[in-house]
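Heads up: the structure comes next, in structure tokens.
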Amino acid sequence: SAQTTAGGKLLQVQVVTRHGARTRLSKHADTLAEGGAVLTREGENQMRQVGASLRKQYLSDELLGELQHWDSDVWVVSSNLDRTIASAMSVNAGIWPSDNTKHNFSGFVPIHTLGKTDDITIRAYRNCPRFLKEVQALHDSEEFSAKRVENRKFLEKLATIFPEFSVPDIDNHPSFVPLEELWNAYDSIRVGASTLQQKQLSNEDKIQLSRLASWVEHRRYGTTTAGVKLGANLWKEIFARCETIVRKSHGPSEVHSPYPPHRYIHYSAHYPTILSMLTCLRILTRAVESDSSSQLLPDYGAALVVEVWQAEGNFSRGESVFIKMRLSMSHEVPISKAPYIDLGSRCEEASLEFGYSGRSCPLQVLLQMMTETPDWPANDYQWCTVCDNHEATPCLLGELVETRSSSNISTGASLAVCAIVSIVLGTALGFFAALYIQRRRRGEGTNAMLAGTESSAPLETNGESHQVQLSTSA
1 SAQTTAGGKL
11 LQVQVVTRHG
21 ARTRLSKHAD
31 TLAEGGAVLT
41 REGENQMRQV
51 GASLRKQYLS
61 DELLGELQHW
71 DSDVWVVSSN
81 LDRTIASAMS
91 VNAGIWPSDN
101 TKHNFSGFVP
111 IHTLGKTDDI
121 TIRAYRNCPR
131 FLKEVQALHD
141 SEEFSAKRVE
151 NRKFLEKLAT
161 IFPEFSVPDI
171 DNHPSFVPLE
181 ELWNAYDSIR
191 VGASTLQQKQ
201 LSNEDKIQLS
211 RLASWVEHRR
221 YGTTTAGVKL
231 GANLWKEIFA
241 RCETIVRKSH
251 GPSEVHSPYP
261 PHRYIHYSAH
271 YPTILSMLTC
281 LRILTRAVES
291 DSSSQLLPDY
301 GAALVVEVWQ
311 AEGNFSRGES
321 VFIKMRLSMS
331 HEVPISKAPY
341 IDLGSRCEEA
351 SLEFGYSGRS
361 CPLQVLLQMM
371 TETPDWPAND
381 YQWCTVCDNH
391 EATPCLLGEL
401 VETRSSSNIS
411 TGASLAVCAI
421 VSIVLGTALG
431 FFAALYIQRR
441 RRGEGTNAML
451 AGTESSAPLE
461 TNGESHQVQL
471 STSA
């Protein structure tokens with residue numbers, strides 16, 4: 001049986017994680033193009049720890065019926081990068097240890113991926129050209145310039161430690177690390193800095209670097225620059241999977257969805273994925289940023305957990321399901337200790353009305369808010385249009401359908417015009433043909449009358465009447 005509490009029964013868990021510790025990763029400020037990075041042994045252990053935490057919190061309470069992997073219950077998907085695929089493998093190892101597998105079960109849990117250019121969910125931020133243009137606009141904004149001036153001395157100090165990331169000043173001032181390139185210095189200190197570089201930065205410097213890097217990334221993936229563009233597609237999939245498991249709970253015949261009714265779904269992702277989803281969620285629910293963690297960067301092994309609950313009591317089908325979401329900002333925070341996310345006043349009021357537990361939201365309310373949110377893409381093609389993406393397979397398919405639809409409309413309109421013209425011409429020709437036949441008939445009738453009159457009229461001569469036969473000479 002599924003996990004139960006006083007407030008209901010747990011139907012499904014969906015988890016979005018950031019990968020574990022990796023090797024150093026450099027990024028281009030404007031294009032976000034990045035170098036290669038692989039998961040380290042430390043990162044592998046971190047993600048195995050996350051898996052063990054998930055197992056203890058959910059699977060040990062029999063969310064999946066038993067602690068074995070079943071294809072019908074489990075779905076694991078990763079971005080198409082080594083560090084996220086290896087992280088997903090490590091999480092699986094934490095959930096389903098090798099010594100827990102029955103002798104006739106495979107110890108491997110399949111991991112599914114999308115092609116890099118086709119990934120418009122986990123890595124939508126890499127496949128949205130419009131977003132990249134807005135990132136460049138952010139770097140040129142007054143807010144960014146003011147932050148750069150405010151931290152100029154610190155950026156100059158970083159240039160002496162990381163000369164490879166520095167640029168010369170055009171006014172002969174000391175070189176500095178551009179604010180938009182700060183991530184590379186931060187990542188170097190975070191994962192790959194030399195002992196000498198570490199010693200050159202005080203603890204206060206490291207704190208300032210971390211805060212400044214967080215400020216930059218939150219602006220990049222925040223409400224003004226990213227909006228709903230980068231998180232909406234993944235949220236749509238998550239909510240669709242929620243609906244699928246709800247339908248299954250009412251019987252197999254109720255399941256009509258592109259997604260199978262899995263009970264545990266794991267998305268192995270990146271920190272921009274989680275930041276974009278949180279931004280999207282705040283826009284969706286209109287929740288206020290009050291948590292201090294909202295200004296931090298999701299660390300290695302961070303996890304956003306979506307719990308799907310079915311309330312107990314006399315509810316209609318739509319009212320019986322509610323959602324709760326946890327956020328762990330690091331592998332060091334067990335899932336059981338991760339706080340539930342504030343989903344805004346509308347969700348809170350609806351939950352109180354139905355008697356749900358705190359910090360939750362009825363699924364039907366979330367779905368309703370999704371349709372009411374401005375700029376929320378109703379389908380993949382709308383997202384492709386907004387993001388100006390003409391390369392991903394869903395975008396190409398959408399363009400093909402749109403072209404055919406337009407062609408059909410154009411052809412249909414042409415056929416309709418032709419039909420109308422044909423009807424008008426046919427009517428006119430019929431009218432004139434009828435008129436011509438009528439006139440011809442009238443003419444023939446008149447001639448016949450004249451002919452009859454001439455052939456039978458009596459001719460009086462000298463008081464006698466004679467019948468005259470007219471003839472036509474050959």
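For what it's worth, full-length UniProt numbering labels the leading residue of the sequence shown as 1, then goes sequentially. Built from N, CA and C at the ideal position, the CB exists for glycine as well.
I want to know whether the region 348 to 368 touches the region 391 to 398 - three or more CB-CB distances under 8 Å. Contact between the region 348 to 368 and the region 391 to 398 is absent: fewer than 3 CB-CB pairs across the two stretches fall below 8 Å.
Could you spell out where the alpha helix (DSSP H) holding LEU284 opens and where it closes? LEU284: member of the alpha helix (DSSP H) spanning 271 to 285, first to last residue.
If you follow the alpha helix (DSSP H) that GLN49 is part of, which residue opens it and which one closes it? First-last of the alpha helix (DSSP H) with GLN49: 41 to 57.
Quick check on the DSSP output: the alpha helix (DSSP H) that includes GLN208 runs from which residue to which? Residues 203 to 220.
On the DSSP bridge assignment, give the partners of ARG18 in chain order. According to DSSP, ARG18 shares a beta bridge with ALA269.
Give every residue of the same chain whose Cβ lies closer than 8 Å to the Cβ of GLU399, excluding the five residues on either side of it in the sequence, and list them in chain order. Result list for GLU399: TYR381, CYS384, HIS390, in chain order.
Just verifying my parser: in three-state terms, what is the DSSP assignment at ARG404? The answer is helix: DSSP assigns ARG404 an H, G or I state.
Have a look at ARG282, VAL386, GLU332 and flag the residue whose alpha-carbon is nearest the alpha-carbon of MET370. The candidate whose alpha carbon is nearest that of MET370 is ARG282.
Classify GLY452 as helix, strand or coil using the three-state DSSP reduction. Note that GLY452 scores a pLDDT of 46, beneath 50, so its modelled location is shaky; the value from the coordinates is reported in the next line. GLY452 falls in the helix class under three-state DSSP.
Please classify HIS262: is it buried, with 16 or more other beta-carbons within 10 angstroms of its beta-carbon, or exposed? So HIS262 counts as buried.
Compute the distance between the beta-carbons of LYS229 and VAL386, then report whether it is under 8 Å. With respect to the 8 Å criterion, LYS229 and VAL386 are classified as neighbours on the basis of their beta carbons.
Output yes or no for whether 8 Å exceeds the beta carbon distance between ARG241 and TYR259. The Cβ atoms of ARG241 and TYR259 lie closer than 8 Å to each other.
Please classify HIS331 as buried or exposed, where buried requires at least 16 neighbouring CB atoms within 10 angstroms. If you draw a 10 Å sphere on the C-beta of HIS331, you find 16 or more other C-beta atoms in it, and that means buried.
I think LEU209 touches ILE189, with their Cβ atoms under 8 Å apart; what is that distance to the nearest whole Å? Rounded, the Cβ-Cβ distance is 6 Å, consistent with contact.
Contact check, ARG48 vs SER90 under 8 Å by CB: the rounded distance? Contact check for ARG48 and SER90: beta-carbon distance about 5 Å, within the 8 Å limit, so the pair qualifies.
I need the straight-line Cα distance from LYS9 to GLU307, nearest angstrom please. Rounded to whole angstroms, LYS9 and GLU307 show a C-alpha spacing of 10 Å.
First through last residue of the alpha helix (DSSP H) which encompasses TRP183: 182 to 187 is the span of the alpha helix (DSSP H), which, as asked, contains TRP183.
If we require 4 or more residues per run, which alpha helix (DSSP H) segments fall completely within the region 90 to 144? Whole alpha helix (DSSP H) segments, 4+ residues: 129 to 139.
Three or more C-beta pairs below 8 Å linking the region 69 to 84 and the region 109 to 118: Judged by Cβ distances under 8 Å, the region 69 to 84 makes contact with the region 109 to 118, as three or more pairs qualify.
Could you check which residue in GLY20, GLN12, LEU11 has the C-alpha nearest to that of TYR300? Comparing Cα positions, the closest option is GLY20.
DSSP state of LYS229 mapped onto helix, strand, coil: Coil.
What is the residue span of the beta strand (DSSP E) that SER78 lies within? First-last of the beta strand (DSSP E) with SER78: 74 to 78.
Between which two residues does the beta strand (DSSP E) harbouring VAL305 extend? That run of the beta strand (DSSP E) goes 303 to 310.
Span of the beta strand (DSSP E) holding PHE354? Taken as a continuous stretch (DSSP letters only), PHE354 belongs to no beta strand (DSSP E), being part of the alpha helix (DSSP H) at 345 to 354.
Evaluate contact between the region 34 to 47 and the region 335 to 345, counting only Cβ atoms and requiring at least three cross-stretch pairs below 8 Å. Too few Cβ pairs lie closer than 8 Å, so no.
Presumed contact (8 Å Cβ cut-off) between LEU296 and MET277, rounded CB distance: Their Cβ separation, rounded to whole angstroms, is 15 Å, which puts LEU296 and MET277 out of contact at 8 Å.
On the three-state DSSP scale, how would you describe THR446? Its pLDDT being 46, under 50, THR446 is placed unreliably in this model, and the coordinates cannot settle the point.
Looking at C-alpha atoms only, which residue of GLY222, THR244, ARG286, LYS324 is the closest neighbour of ILE274? For ILE274, the nearest C-alpha among the options comes from GLY222.
Alpha-carbon spacing of VAL177 relative to ASP171, whole angstroms: If I take the Cα positions, the gap works out to 15 Å.
Which stretch, first to last residue, makes up the beta strand (DSSP E) that contains MET325? Counted as a single uninterrupted DSSP element, the beta strand (DSSP E) harbouring MET325 occupies residues 321 to 328.
Separation of ARG404 from ARG22, as counted between CA atoms: If you take the alpha carbons of ARG22 and ARG404, they lie about 46 Å apart.
For a quick check, are the C-beta atoms of MET325 and LEU343 less than 8 Å apart? Judged by their CB atoms, MET325 and LEU343 are nearer to each other than the 8 Å cut-off.
In chain order, what residues of the same chain have a beta carbon less than 8 Å from the beta carbon of TRP235, not counting five sequence neighbours either side? Non-local beta-carbon contacts of TRP235 in its own chain, meaning distances under 8 Å to residues more than five positions away in sequence, involve MET277, CYS280, LEU281, LEU284, MET370 in chain order.
Rounded straight-line distance, which links the Cα of ARG18 to that of residue 484: Lying outside 1 to 474, the shown extent of the chain, residue 484 is not represented and no answer is given.
For GLY94, which residues of its own chain have a beta-carbon under 6 Å away from its beta-carbon, when the five flanking residues on both sides are left out? Once the five neighbours on either side are set aside, the close Cβ partners of GLY94 are ARG48, GLY51, ALA52.
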